[in-house]
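Numbering-wise (the UniProt record's numbering), the sequence shown opens with residue 1 and increments by one.
A virtual CB, placed ideally from N, CA and C, is assigned to each residue, including glycine.
Report on the structure given below.
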Amino acid sequence: MLYGKKDRREASYLEPIFGSKNEDELLPSYHLGKKSIEPRVAYQMIKDDLLDEGNSRLNLATFCQTFMEPEAVKLMSETLDKNMIDKSEYPRTAEMENRCVNMIADLWHAKGPEKYIGTSTIGSSEACMLGGMAMKFAWRKRAEKLGVAVQAKKPNLIVSSGYQVCWEKFCVYWDIELREIPMSADHLSLDVEKAMEAVDEYTIGIVGILGITYTGQYDDIEKLDQLVEAYNQQTEHKVYIHVDAASGGLYAPFVEPELAWDFRLKNVISINTSGHKYGLVYPGVGWVVWRDEKFLPEELVFKVSYLGGEMPTMAINFSHSASQMIGQYYNFVCFGFEGYQSIHRRTHDVAVYLAKEIEQSRHFTLINDGRQLPLVCYKLAEDSTRQWTLYDLSDRLLMKGWQVPSYPLPKNLDHQIIQRIVVRSDFGMSMAHDFIEDLKAAIKELENSHLVFHKETEIKNYGFTH
1 MLYGKKDRRE
11 ASYLEPIFGS
21 KNEDELLPSY
31 HLGKKSIEPR
41 VAYQMIKDDL
51 LDEGNSRLNL
61 ATFCQTFMEP
71 EAVKLMSETL
81 DKNMIDKSEY
91 PRTAEMENRC
101 VNMIADLWHA
111 KGPEKYIGTS
121 TIGSSEACML
131 GGMAMKFAWR
141 KRAEKLGVAV
151 QAKKPNLIVS
161 SGYQVCWEKF
171 CVYWDIELRE
181 IPMSADHLSL
191 DVEKAMEAVD
201 EYTIGIVGIL
211 GITYTGQYDD
221 IEKLDQLVEA
231 YNQQTEHKVY
241 IHVDAASGGL
251 YAPFVEPELA
261 WDFRLKNVIS
271 INTSGHKYGL
281 VYPGVGWVVW
291 RDEKFLPEEL
301 VFKVSYLGGE
311 MPTMAINFSH
321 SASQMIGQYY
331 NFVCFGFEGY
341 QSIHRRTHDV
351 AVYLAKEIEQ
361 SRHFTLINDG
371 RQLPLVCYKL
381 AEDSTRQWTL
391 YDLSDRLLMK
401 GWQVPSYPLP
411 KNLDHQIIQR
421 IVVRSDFGMS
431 MAHDFIEDLK
441 AAIKELENSH
451 LVFHKETEIK
461 NYGFTH
């Protein structure tokens, strides 16, 4: 049973946590424990159970945010109980979501609020699903009007082979053919010419990526838009672009505002981004915006009661906390444009510094130098005398606490192993200097020590790449 008054009175003397009988037992794994545990003891036991894993601040594999202002954390903890889906019960929360959509749409050069429509999600994966579904439903309507036998074959979606796994999931879930455009040494992003060659009357859309997960490079979305426009001028079977800006959508507007990748381009009809990446919010929150509500089929919009009226909702997920969305609004209010720009420019400078130091070591060939997305990736320089691999280097860096992934590039280049460093807002120049010193020390140990190296030839992932 739970603690009664007598139990609480006795517990007020606070027996030592590590003198508790509960410390003699393993934490439950398969069945609920028979008895309750004092809250502070349960807290310490679970906290201790989490000790044997990586430090998130030293995790250079993830794009996900690992620091927020204390005031943001306080505000988010105070709103954990608010259900994002309950628009009528929490109208001010719904209004904050709408304000975020407005500000993001403005950053992406959408026209007036009477045109665009958007929503928060629990991350970019859900946002991609929504963007993809909208393209499929809209394609089906257009195709049926033009007499296309929509049941004769699968519709298809075109994307570079550097796609994030959510697009593969989307195609499996909604029975779409995924047409991958292979990356090559000359095109470590989408080969837009080959993408257009893959278009046919069953193409629901083309995905342009603003920050490929593997390399951090941007697809040439402006060039893609030009080719799509030329195609659309010659056929009734129109095709449009969805931009997967999970990483770059809340970064590029502040660092490269002149770069045309968004709704400035005529054929970009929808964009998604992750608030928990360069939107600087803890996981998970994402966003998707359509340039015009006509590109979001009405079948995908559901009405909910809102202050005596109705409010549209189109999210896939239902009940989830509003706290992450409120954290996004806090950041927008607190940082403003200049704050985001200052943070991201410093992040950019750190990435460029890392790239320069890594290149000067002469052990590596840079693939991305961090000048677009603040991501540095590299491969081993050609050197037949070197015995160690990037997997060995990842191992040595992990001994210092740094989590640095090593993995093969996508198909067609999967013989090439690279290593990647993601620079986030909380990775300052001092930490970058410490990392470089540890990197140099790790290389020296690998060069001079008698170690057992990775001898297997199997291509594999070390760490993760999302």
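**Prompt:** How long is the line joining the alpha carbons of residue 469 and M76, rounded to whole angstroms?
**Reply:** The requested residue 469 does not occur in the structure, where the chain is confined to residues 1 to 466.
**Asked** Considering H242, what are the terminal residues of the alpha helix (DSSP H) in which it resides?
**Response** Against the sequence shown, residue 242 aligns to sequence position 242. It is not in any alpha helix (DSSP H) - H242 instead sits in the beta strand (DSSP E) that spans 241-244.
**Item:** Exposed unless 16 or more other CB atoms sit within 10 angstroms - verdict on E71
**Value:** By 1-based counting over the sequence shown, the position of residue 71 is 71. With fewer than 16 other beta carbons inside 10 angstroms of its own, E71 counts as exposed.
**Message:** Between the segment 161-176 and the segment 397-413, can you find at least three pairs of beta-carbon atoms closer than 8 Å?
**Reply:** They touch, by the three-pair rule.
**Asked** According to DSSP, what are the bridge partners of Y407?
**Response** Stepping through the sequence shown from its first residue, residue 407 is reached at position 407. Bridge partners of Y407: I418.
**Item:** Where Y340 falls, given that 16 or more other Cβ within 10 Å makes a residue buried
**Value:** Your numbering for residue 340 matches position 340 in the sequence shown. Buried, since its Cβ has 16 or more Cβ neighbours within 10 Å.
**Request:** Keeping to the same chain, check which residues put their C-beta closer than 6 Å to that of C166; ignore five residues upstream and five downstream.
**Result:** Taking the sequence shown and counting its residues from 1, one reaches residue 166 at position 166. Excluding residues within five positions, the ones whose Cβ falls inside 6 Å are S125, C128.
**Prompt:** Looking at the structure shown, is T347 part of a helix, part of a strand, or coil, going by DSSP?
**Reply:** Locating residue 347 in the sequence shown gives position 347, counting from the first residue. In the structure shown, T347 sits in a helix (DSSP, three-state: H, G or I).
**Asked** Can you give the Cα-Cα distance for V239 and S270, rounded to whole angstroms?
**Response** Here residue 239 is taken as the residue at index 239 of the sequence shown, counted from 1. Here residue 270 is taken as the residue at index 270 of the sequence shown, counted from 1. Rounded to the nearest whole angstrom, the CA to CA distance from V239 to S270 is 13 Å.
**Request:** Answer yes if the segment 375-392 comes into contact with the segment 421-428, meaning at least three C-beta pairs across the two stretches below 8 Å, and no otherwise.
**Result:** Contact between the segment 421-428 and the segment 375-392 is present, because at least three Cβ pairs lie under 8 Å.
**Message:** I'd like to check one pair, A61 with Q387: are the Cβ atoms closer than 8 Å?
**Reply:** Position 387 of the sequence shown, counted from the first residue, corresponds to residue 387. Position 61 of the sequence shown, counted from the first residue, corresponds to residue 61. In this structure, A61 does not lie closer than 8 Å to Q387 by Cβ.
**Cβ neighbour criterion (16 or more within 10 Å) applied to K444** = As a first step, residue 444 is located in the sequence shown; it is residue number 444 there, counting from the start. Classification for K444: exposed.
**Neighbourhood of M103 by C-beta, 8 Å cutoff - its chain only, sequence neighbours within 5 removed** = Within the sequence shown, residue 103 is the residue found at index 103, counting from 1. The residues are F332.
**Request:** Provide the residue span of the alpha helix (DSSP H) that contains V41, from first to last.
**Result:** Taking the sequence shown and counting its residues from 1, one reaches residue 41 at position 41. For V41, the enclosing alpha helix (DSSP H) begins and ends at 39-49.
**Item:** Supposed close pair I204, L157 - CB separation, criterion 8 Å
**Value:** Sequence index remark: in the sequence shown, residue 204 carries index 204 (1-based). Sequence index remark: in the sequence shown, residue 157 carries index 157 (1-based). 6 Å between Cβ atoms; contact.
**Request:** Work out the CA separation of W261 and Y202 for me, nearest whole Å.
**Result:** To locate residue 202, count along the sequence shown from 1; it is residue 202. To locate residue 261, count along the sequence shown from 1; it is residue 261. Computed Cα separation, rounded: 25 Å.
**Message:** Tell me the rounded alpha-carbon separation between M45 and L210.
**Reply:** As a first step, residue 45 is located in the sequence shown; it is residue number 45 there, counting from the start. As a first step, residue 210 is located in the sequence shown; it is residue number 210 there, counting from the start. Using only the alpha carbons, I get a separation of about 42 Å.
**Asked** How big is the Cα-Cα spacing for D225 and W108?
**Response** Sequence index remark: in the sequence shown, residue 225 carries index 225 (1-based). Sequence index remark: in the sequence shown, residue 108 carries index 108 (1-based). Between D225 and W108, the C-alpha separation is close to 16 Å.
**Message:** Taking the straight line between their C-alpha atoms, what separation do you get for L178 and E168?
**Reply:** Taking the sequence shown and counting its residues from 1, one reaches residue 178 at position 178. Taking the sequence shown and counting its residues from 1, one reaches residue 168 at position 168. Between the alpha carbons of L178 and E168 lies a gap of roughly 7 Å.
**Message:** Between which two residues does the alpha helix (DSSP H) holding S430 run?
**Reply:** The residue labelled residue 430 in the question sits at position 430 within the sequence shown. For S430, the uninterrupted alpha helix (DSSP H) run begins and ends at 429-448, by DSSP.
**Prompt:** Are there 16 or more other CB atoms within 10 angstroms of the CB of S394, so buried, or fewer, so exposed?
**Reply:** For the purposes of this step, residue 394 is taken as residue 394 along the sequence shown, with counting starting at 1. Buried: at least 16 other Cβ atoms inside 10 Å.
**Message:** Measuring straight from C-alpha to C-alpha, what distance separates L146 and W139?
**Reply:** Here residue 146 refers to the residue found at position 146 of the sequence shown. Here residue 139 refers to the residue found at position 139 of the sequence shown. Distance between the alpha carbons of L146 and W139 is about 11 Å.
**Request:** May I ask you to list the residues that DSSP assigns as paired with W290?
**Result:** Along the sequence shown, read from residue 1 onward, the residue named residue 290 stands at position 290. DSSP output for W290 lists I117, S270 as bridge partner(s).
**Prompt:** If you count every other CB in all the chains shown that lies within 10 Å of the CB of H415, and 16 or more means buried, which is it?
**Reply:** Mapped onto the sequence shown, residue 415 falls at position 415. Answer is exposed; the Cβ neighbour count stays below 16.
**Message:** Can you find the residues in the same chain that come closer than 6 Å, C-beta to C-beta, to residue 467, ignoring five residues on each side of it along the sequence?
**Reply:** Because residue 467 is not part of the residues shown, which for the chain are 1 to 466, the question remains open.
**Asked** To which residues does DSSP link F364 through a beta bridge?
**Response** The residue given as residue 364 occupies position 364 in the sequence shown. Note: F364 sits in a beta bridge opposite L380.
**Asked** Count the other CB atoms within 10 Å of the CB of P405; is the residue buried (16 or more) or exposed (fewer)?
**Response** On the sequence shown, residue 405 is found 405 positions in, with the first residue counted as 1. P405 sits buried, since 16 or more C-beta atoms from the chains shown fall within 10 Å of its C-beta.
**Asked** Does the segment 83-98 touch the segment 283-298, meaning 3 or more C-beta pairs lie closer than 8 Å?
**Response** Contact between the segment 283-298 and the segment 83-98 is absent, because fewer than three Cβ pairs lie under 8 Å.
**Item:** Secondary structure of M1, DSSP reduced to three states
**Value:** Within the sequence shown, residue 1 is the residue found at index 1, counting from 1. With a pLDDT of only 44 at M1, under the threshold of 50, the placement of this residue in the model should not be trusted; the figure read from the coordinates follows. Annotated three-state conformation of M1 is coil, per DSSP.
**Message:** So, at 6 Å on beta carbons, what are the nonlocal neighbours of M1 in its own chain, with the 5 sequence-adjacent residues on each side left out?
**Reply:** Mapped onto the sequence shown, residue 1 falls at position 1. Low confidence applies here, because M1 scores a pLDDT of 44, under 50, leaving its location unreliable; read the following figure in that light. Hits under 6 Å: none found.
**Request:** Drop a sphere of 10 angstroms on the beta-carbon of M399, count the other beta-carbons inside from all chains shown, and report buried for 16 or more, exposed for fewer.
**Result:** Position 399 of the sequence shown, counting from 1, holds the residue named residue 399. Exposed.
**Request:** Take R371 and list the residues in its own chain whose beta-carbon comes closer than 7 Å to its own, dropping the five residues that flank it on each side.
**Result:** As a position in the sequence shown, residue 371 is number 371, starting the count at 1. Cβ-Cβ distances below 7 Å link R371 to V352 in the same chain, with the five nearest sequence neighbours on each side left out; the list follows chain order.
**Prompt:** Cα separation between P28 and T313?
**Reply:** Counting from 1 along the sequence shown, the entry for residue 28 is found at position 28. Counting from 1 along the sequence shown, the entry for residue 313 is found at position 313. Each residue's alpha carbon lies about 39 Å from the other.
**Asked** Buried or exposed: where does L32 fall if 16 or more other Cβ atoms within 10 Å of its Cβ makes it buried?
**Response** Along the sequence shown, read from residue 1 onward, the residue named residue 32 stands at position 32. Exposure of L32 is indicated by the presence of fewer than 16 other C-beta atoms within 10 angstroms of its C-beta.
**Item:** Helix, strand or coil at N98 [DSSP, three-state]
**Value:** Position 98 of the sequence shown, counting from 1, holds the residue named residue 98. In this structure, N98 counts as helix in the three-state DSSP scheme.
**Asked** For F332, which three-state DSSP category applies?
**Response** Walking along the sequence shown from the start, residue 332 turns up at place 332. Helix, per DSSP.
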